[in-house]
Amino acid sequence: MWKIVRKSLLVVIFACSANAVANDGLAITSSEVTSALDANGFSLSNLILGSSQEPPLNNLELSQLELFKPILESLKLELSSLKSPRKDIRFDQDFFQSRKAGFILVGVINRMDRGYYNASRFGEIRFIYRMKYDLVDNGKIVRSKLPITVNAIFDAGLNKSSEHCAQLAERWLETKNSSTVHDLTTLGPLSPQYFSYQNLRSLEFNIQGVREGSENQENFGGRAQYLLKVYDWVGNQFEEVPLENQIDRARLVKDPALLDELKNWILKNLNLVDAGTLVVPKKFLSHRAISIAPGGLVRSTNRPYFDLFKPEDFHGVSFEKFEQIKSYNGLIRRLNDTTCTGCHQTRAIGGFHFSGMDPMKKYPGNSVFLPGSPHFMGDQPRRFEILNAVAKGDDHIDYSRGFAARPQARRSQVLQGSGLLDGWSAPCAVKDDASFNSWTCAAGFVCKPTFKTSKHTREEDSILGTCLNPVQKIGDPCEFGTATTKSYGLDQFTRTNDREIVDLNPKTTLCSPQSQDKGTKTGGFWGGNLRSLSCFEDAGGLPPEASCGPLPASKPGFNACIGKKNFDDCLEEFSIGVGLRGCDSLNPCRDDYIWTEGTEPHRGVCAPPYFLFQFRVDGHPRAAGK
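The sequence shown begins at 106 in the numbering used here and counts up by one.
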């Protein structure tokens, strides 16, 4: 087996270097601390029951709670409605009632930057849970998380006084990476002075319901469907409610009068749209959403505003006066990335922005190195600035934010040169557009199109590219093609060249392409990925941008193994160490890739998320009877 070796155990929250991304006061992500909180009154069942007395419930016990039954019935119905060619690539719903499965706390997130959402409150505190299992299959213990998150949202604070709000913000600012459960729950932000179970507002679910691999879905290198649902605590029960800013596109298309009403609402609230603080009235919204990965906003399914409006609908708008939406294309981009589907598929990790962090060296080949997505990391300086302003008691808080793809420049000086803003992997403008002309690349990088355009490519799809190396290096894409959309939901990515490699040694470097050799049943991620054939590159060592990590599909047979053996056995048999793009909190991976554990204690490596079984619903043992 290719083994992961670390020189030391490093607890990473966000920053891997001095003066990096602001971290203290914004989130609790240490797996050691979140596990302890989960076991001491902050499990999902504790929050639902409003009591710290019960130990965490497994999924069988949770499914028997009268409060949770309506949610479970709703989720099962929605998941069953997702289209899938095979049963074995769907989420196994037996996990919902398995005593060997449960939800575990992976993060507590300060969202006091959302103070605009409810003027009488001070923003939110969010508890993020992942489903996990621990069962015996074919005589072997198998453990993994599953691609399901539950976001338990609490209103921040216990009263409406500005003094209390400032004190709560101060308690969060005092929270450090080294804070213990005792620190957090006695005098800290989770103590009874500042936190109450009664402040639970809603439960948000993000569930990968179906995942078709690239061997069957060559277009975009696979297709995963994610169900998004929200349930508010109303009275003494949970009720299904519309998703925030997720417009009901199908209903609007069928009702021109309602669509016209939405357009007029947007015109009257362009300042809020520009600031990113719009709250679309519920009459326009949907009770469910399906996002698709990989592909981000190239996929029209992730853009509910696709083809709803035309430029002439906003004729006469003086876009130049706004900070963000300085053009019609910028307006549509902003509207889309404030929806649930648009946000979840922008600079995300397989449909998620927060996955939690795994204990190092515990799950070889199935471990996440950093807890959040590039979007999550890039937004930390803005959130930190707002938290400081709240702690100081400022009367006028600037809650505005940048686009989901790129942080507000005026609040992100600390990110300059990093991939979170304008370094390698950052989005940039390849075409002239007033909303995006400032999206340039840092010195040493050039803006390259993500794909080539054709006569069928929409203008809004051809504006942005990616900051990459002038000459290809490890981690760069090696295949290019055209992206077209015939109509909403019908997107196509077509390779225009098989493999494009420039000035790299073919004896030591390989293009891991979307188009693999026929008969291997591997497929590949769209765009491909340059990597070395080993961790030694002919004993000359890896280049500085690369790091050593396990790749399970580096030799034939891995996908054929899945389904016949436990995924742990397949990882052990087929994973070998190769040179992949190195990553840390300031140097993220390309869109859709995930920072997974490698050999270095201070860096992870970039790999397609579906090489990690905790990010795919297929390939796991069946839960029935276990």
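C-beta atoms are modelled at their ideal positions from N, C-alpha and C, and glycine is treated no differently. No experiment lies behind these values; they were computed from the predicted model shown.
Give me the Cα-Cα distance between Y468 and N664, rounded to the nearest whole angstrom. 20 Å
Leaving aside the five residues before and after V138 along the sequence, list all residues of the same chain whose C-beta is less than 8 Å from its C-beta, in chain order. S284, T285, V286 and L289
Determine the extent of the beta strand (DSSP E) in which N264 is found, giving its start and end residues. N264 -> no beta strand (DSSP E), and no H or E assigned at all.
Measure the Cβ-Cβ separation of T291 and L383 and say whether it is below 8 Å. no
Let's test the definition: count the other Cβ atoms within 10 Å of the Cβ of N471 and tell me whether it reaches 16, buried, or not, exposed. buried
Whole-angstrom distance between L251 and E166, CA atom to CA atom: 19 Å
Considering just the uninterrupted stretch of the beta strand (DSSP E) at D337, what are its terminal residues? R328 to V339
On the DSSP letters alone, give me the boundaries of the beta strand (DSSP E) that I153 sits inside. Where I153 is concerned, there is no enclosing beta strand (DSSP E), although the alpha helix (DSSP H) it sits in stretches over L149 to L154.
Quick check on this structure: which residue in L177, R219, I699 and L131 has the alpha carbon closest to the alpha carbon of Y504? R219
Could you give the DSSP three-state label for F556: helix, strand or coil? coil
Distance, F411 Cα to S405 Cα: 6 Å
What is the DSSP secondary structure of W700, reduced to helix, strand or coil? strand
Quick check on C121: does DSSP put it in helix, strand or coil? Low confidence applies to C121: its pLDDT is 37, below 50, so where it sits in the model is not reliable, and the reading given next is rough at best. Here C121 sits in coil by DSSP.
For the beta strand (DSSP E) that contains C694, what are its first and last residues? Where C694 is concerned, there is no enclosing beta strand (DSSP E), given that its DSSP letter is neither H nor E.
Does the segment 229 to 245 touch the segment 169 to 179, meaning 3 or more C-beta pairs lie closer than 8 Å? no
When G586, S639, Y433 and T451 are compared against S540, the one with the closest alpha-carbon: Y433
Could you tell me the alpha carbon to alpha carbon distance between F300 and V576, rounded to whole angstroms? 52 Å
Report all residues from its chain with a CB closer than 6 Å to the CB of A531; omit the five preceding and five following residues, and keep chain order. G524 and C572
If you run the structure through DSSP and keep just helix, strand and coil, what is G447? helix
Give me the Cα-Cα distance between D689 and N671, rounded to the nearest whole angstrom. 30 Å
Going residue by residue through the segment 244 to 298, where are the continuous beta strand (DSSP E) segments of at least 3 residues, counting only ones entirely within it? 245 to 260
Quick one: residues in its chain with C-beta nearer than 6 Å to the C-beta of D538, no 5 flanking neighbours on either side, listed in chain order? S432, N434 and I568
Helix, strand or coil: how does DSSP classify K623 here? Confidence at K623 is low in this model, with a pLDDT of 49, below 50, so the placement of that residue should be treated as unreliable; the coordinate-derived value is given next. K623: coil per DSSP, three-state reduction.
Just the C-alpha distance for F720 and F200, rounded to the nearest angstrom, thanks. 15 Å
Would you be able to state if there are at least three C-beta pairs under 8 Å between the segment 713 to 728 and the segment 304 to 320? yes
Can you list, in chain order, the residues of its chain with a C-beta nearer than 6 Å to that of R749? Leave out the 5 residues immediately preceding and following it. Look at the range of the chain in this structure, 106 to 731, and you will see that residue 749 is not part of it.
8 Å CB neighbourhood of K623 in its chain, flanking five on each side removed: In this predicted model, K623 has a pLDDT of only 49, less than 50, meaning its place in the structure is not dependable enough to derive any value.
Leaving out the 5 sequence neighbours to the left and right, which residues in its chain are closer than 6 Å to L656 when beta-carbon positions are compared? V683
Which residues mark the beginning and the end of the alpha helix (DSSP H) in which G421 is found? Per DSSP, G421 belongs to no alpha helix (DSSP H) and is neither H nor E.
Per DSSP, which residues does Q313 bridge with? Please list them. Y331
What would DSSP say about R354, mapped onto helix, strand or coil? helix
Identify whether L403 lies in helix, strand or coil by the three-state DSSP scheme. Looking at the sequence shown, residue 403 is not Leu but Val. V403: helix per DSSP, three-state reduction.
Rounded to the nearest angstrom, how far is the Cβ of G633 from that of E584, given a contact under 8 Å? 4 Å
Hey, R488 and L131 are a contact pair by Cβ (cut 8 Å); roughly how many whole angstroms apart? 6 Å
When DSSP builds the beta bridges, which residues end up paired with Q342? V339
Would you call Q330 buried or exposed, if buried means 16 or more other Cβ atoms sit within 10 Å of its Cβ? buried
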